[in-house]
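Enquirer:
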Amino acid sequence: MASNKPITTACDACRRRKVKCDGQQPCGRCRDAEISCRTTSVRRKKGRQGATATVLHELRKAPAPVAQVQSVPSPQPTVISDPFIRQPGLLHPSVVQSCAEYFFPRMLGTVPILVPTTFQDHVARIEESLHSYCLVTAFCAFVFAQTGYVSWLNAGNQSASLGRLLLDEAMAARRHLDLFSASTRQGITISFLLYGCQIGMGNQRQAYYFLREATTLYTAGMLDPADADDEDAGNLFWLLLISERAHAIRRHRPITLQVTRDSPILCDTRSDAFSLGFRCLAELYRPFDQTFLSRWNGTDSSATTEQLIQLEDHLLQAVPADVELPDIVLADLRVSQQWLRTMIWQLATSAGFLSSTPSRPCLGFAYPLQIARDLSLATWKLSKESLETHGIGLAEKIFEITCTLTDVMACMTSAGLRSSSFDLGPQDYLKHLCTLIHSLPGGETKFLPLLLAKISQTLPSMLTPVTRHLSLPSCMAEQVSVSPNVGIGSPVSHRDDWSKALNWAEMSRIGDRTPEARRGA
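In terms of UniProt numbering, the sequence shown opens at residue 1 and continues consecutively.
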């Protein structure tokens, strides 16, 4: 029978826990908690001293009670399960096969990011490996977005929509990946393919993120030993370097990769057209390093005419005029070569090096006319398919060349713009380059409207002839008030006479324009 006498002395544990003690030895609460029960005859006035005086410390040391004790569990971190769910039927085997059949016979000389055997290994593992699934999906999205694949299929909006769906799927899979849990080469490949996809979709900030991710993975982790011994490892380094430098010139971005004595060397034992073409492409971009970009971006004003002349000579020697290569390989080489020549001229312009009596053509006011002539002659010899294969990247380079040509033509007299009965002139080059942009993937919707707007502002007399040449609706030309500038004198067509037709006051303004304005975008 329980005693009703009040407990005058509680045990130490109950007193500290501020709970009722039954006065027994041991008391019921200490017995249930399986801790020692003792009563101190003299109460210390000081507080708890050390870990041995803390009841919670003793409770933690004791095993958890089986029953009777109701304790509040400590809060646990909430684990959110967010597994990646694949879109059923999206990555159909026929789509994968069709993309591979288009890419590998055409693009290995420009984008040697994968070889067919490695790609097929990933295709075989897409059901068991999320890394392989992401890579294959990004590859197919790349082929849709960055090449002329849709034109080759002769498909329209439906195929373009499939490309966007594939990119969304690849991006969703990428968010669930740890790139360091697989080989470095695989992570670089995924990042590079997503960079190309975002470029094709016009998402510049996302594209730059994935390009930097690819170059950072390369420089930070380098390649795994098995990958580093691969003879195609040199191609990977140079592909990233080419892409990074082309993007840096276009968007005024910094670069990561530098060419040093320890940089991978491209294999020169292969004599096939793709390997030779890629070596020429790498050689084109080799000298466009941080020194050039510092001058290009205006942070370094130490450029000299001799340095620009050396760059011009290097470009001409990197892809000789008589080089024998397939049209698909030559298309990217020739356009890239003329685009880089245009960049040199723009740098010479902003540095104030242009002259009416230049020591070298690249330092002359009329140099873009010569570039346009060389590009027109080169592309006239190439098949339409070879140009379309390289997709929106090639269209953008031609667009920038054409914008520079328009700037120079705007400074010429009407007589200087026209051609004679037998010789081609600036008008012919402008029409031809506009035709290329109109016919290339992404050109008609993205670059042609910008180009026509530029022509209407800087060279309004050519707007109607260009739109008529492209068989565009006449209302496009009628929307702009055109004031023909009729000149007096015989036509000037030969390039040696172009400088005579230039308006020097107008030419002097080109050098004052910002790089963005010079590109016309």
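A virtual CB, placed ideally from N, CA and C, is assigned to each residue, including glycine.
Smallest Cα separation from residue 278: which of 135, 256, 234 and 407?
Expert: Measuring from the Cα of residue 278, the nearest candidate turns out to be 234.
Enquirer: Comparing C-alpha positions only, which one of 154, 209 and 182 sits nearest to residue 171?
Expert: Closest by alpha carbon: 209.
Enquirer: According to the neighbour-count rule (16 or more other Cβ atoms, all chains shown, within 10 Å of its Cβ), is residue 238 buried or exposed?
Expert: Counting Cβ neighbours within 10 Å, residue 238 comes out buried, since at least 16 surround it.
Enquirer: Could you give the distance in angstroms between the alpha-carbon of residue 72 and the alpha-carbon of residue 17?
Expert: Any reading at residue 72 needs caution, since the residue's pLDDT is 44, under 50, leaving its predicted position unreliable; the model's value is listed next. Looking at the two C-alpha atoms, the distance is approximately 15 Å.
Enquirer: If I measure Cβ to Cβ from residue 563 and keep anything under 6 Å in the same chain, skipping five residues before and after, which residues do I get?
Expert: This structure does not reach residue 563, given that the chain is present from 1 up to 521, and the question cannot be answered.
Enquirer: Identify which residue in 185, 198, 443 and 130 has its Cα closest to the Cα of residue 143.
Expert: Comparing Cα-Cα distances from residue 143 to each of 185, 198, 443 and 130, the minimum goes to 198.
Enquirer: Kindly indicate the opening and closing residues of the alpha helix (DSSP H) around residue 118.
Expert: Taken as a continuous stretch (DSSP letters only), the alpha helix (DSSP H) holding residue 118 covers 116 to 124.
Enquirer: Hey, how far is the Cα of residue 332 from the Cα of residue 424?
Expert: Rounded to whole angstroms, residue 332 to residue 424 spans 24 Å at the Cα level.
Enquirer: What span of residues does the alpha helix (DSSP H) with residue 466 cover, start to end?
Expert: Residues 463 to 469.
Enquirer: According to DSSP, is residue 163 helix, strand or coil?
Expert: Residue state, collapsed to three classes: helix.
Enquirer: For residue 14, collect the residues of the same chain with a Cβ closer than 8 Å to its Cβ; drop the 5 residues on either side in sequence, then sort them by chain order.
Expert: Once the five neighbours on either side are set aside, the close Cβ partners of residue 14 are 20, 21, 27, 29 and 30.
Enquirer: Hey, out of 313, 303 and 329, whose CA is closest to residue 348's CA?
Expert: Closest option to residue 348, Cα to Cα, is 303.
Enquirer: Using 8 Å as the threshold, is the segment 116 to 130 in touch with the segment 160 to 170, meaning 3 or more CB pairs across them?
Expert: Output reads no: the segment 160 to 170 does not touch the segment 116 to 130.
Enquirer: Would you tell me roughly how many angstroms separate the C-alpha atoms of residue 151 and residue 120, rounded to the nearest one?
Expert: Going by the C-alpha atoms only, they are around 25 Å apart.
Enquirer: For the segment 241 to 254 and the segment 286 to 300, state whether three or more C-beta atom pairs, one from each stretch, are separated by less than 8 Å.
Expert: Touching, per the Cβ criterion.
Enquirer: Going by beta-carbon coordinates alone, are residue 405 and residue 437 separated by less than 9 Å?
Expert: Taking 9 Å as the Cβ cut-off, residue 405 and residue 437 do not qualify as a contacting pair.
Enquirer: Going by alpha carbons, who is nearest to residue 338 out of 426, 350 and 362?
Expert: The option with the nearest alpha carbon to residue 338 is 362.
Enquirer: One question on the structure: do residue 379 and residue 328 come within less than 9 Å of each other, judged by their Cβ atoms?
Expert: The answer is no: Cβ separation not under 9 Å.
Enquirer: Taking DSSP as the reference, what is the three-state secondary structure of residue 359?
Expert: Looking at residue 359 - three-state DSSP - the assignment turns out to be coil, as it is neither helix nor strand.
Enquirer: Indicate the three-state DSSP secondary structure (helix, strand or coil) for residue 352 in the structure shown.
Expert: It is coil, neither helix nor strand.
Enquirer: Using the Cβ count rule (16 or more neighbours within 10 Å means buried), how would you classify residue 422?
Expert: By the 10 Å Cβ count, residue 422 comes out exposed.
Enquirer: Reducing DSSP to helix, strand and coil, say where residue 393 ends up.
Expert: Note: residue 393 maps to helix in three-state DSSP.
Enquirer: In the DSSP assignment, find the unbroken alpha helix (DSSP H) run with residue 104 in it and report its ends.
Expert: Counting along the chain, the alpha helix (DSSP H) containing residue 104 begins and ends at 93 to 107.
Enquirer: Is the CB-CB distance between residue 429 and residue 373 below 9 Å?
Expert: A contact, by the Cβ cut-off of 9 Å.
Enquirer: Which whole-angstrom value is the C-beta distance of residue 466 and residue 434, which I expect to be below 8 Å?
Expert: So it is a contact: roughly 5 Å between Cβ atoms.
Enquirer: Going along the chain, which unbroken runs of the alpha helix (DSSP H) with 4 or more residues stay wholly within the segment 220 to 305?
Expert: Counting whole runs of 4 or more residues, the segment 220 to 305 contains the alpha helix (DSSP H) stretches 225 to 228, 233 to 251, 273 to 285 and 290 to 296.
Enquirer: Just the Cα atoms here: how many angstroms apart are residue 173 and residue 321?
Expert: Answer to the nearest angstrom: the Cα atoms are 45 Å apart.
Enquirer: Could you pull out every residue in the same chain whose Cβ sits closer than 7 Å to the Cβ of residue 253, ignoring the five residues on either side in sequence?
Expert: Excluding sequence neighbours, residue 253 sits near 208 and 247.
Enquirer: Quick check on residue 359: buried or exposed, where buried means 16 or more other Cβ atoms within 10 Å of its Cβ?
Expert: Residue 359 should be labelled exposed.
Enquirer: Where does residue 443 sit, in a helix, a strand or coil, going by DSSP?
Expert: Note: residue 443 maps to helix in three-state DSSP.
Enquirer: For residue 10, is the classification buried or exposed, using 16 other Cβ atoms within 10 angstroms of its Cβ as the cut-off for buried?
Expert: Buried, since its Cβ has 16 or more Cβ neighbours within 10 Å.
Enquirer: Output the distance between the C-alpha atoms of residue 188 and residue 180, rounded to the nearest integer angstrom.
Expert: Computed Cα separation, rounded: 10 Å.
Enquirer: Return the residue from the list 431, 447 and 122 that minimises the CA-CA distance to residue 464.
Expert: Per the Cα distances, 431.
Enquirer: If residue 369 sits next to residue 341, beta carbons under 8 Å apart, how far is it from one beta carbon to the other, in whole angstroms?
Expert: So it is not a contact: roughly 12 Å between Cβ atoms.
Enquirer: Is any heavy atom in the ligand PLP found nearer than 8 Å to the beta carbon of residue 443?
Expert: Absence of the ligand PLP is noted for the structure shown, with no ligands found whatsoever.
Enquirer: Could you name the residues of the same chain whose beta carbon sits closer than 7 Å to that of residue 12, not counting the 5 residues immediately before and after it, in chain order?
Expert: Within the same chain, residue 12 has close Cβ partners 38, 39 and 40.
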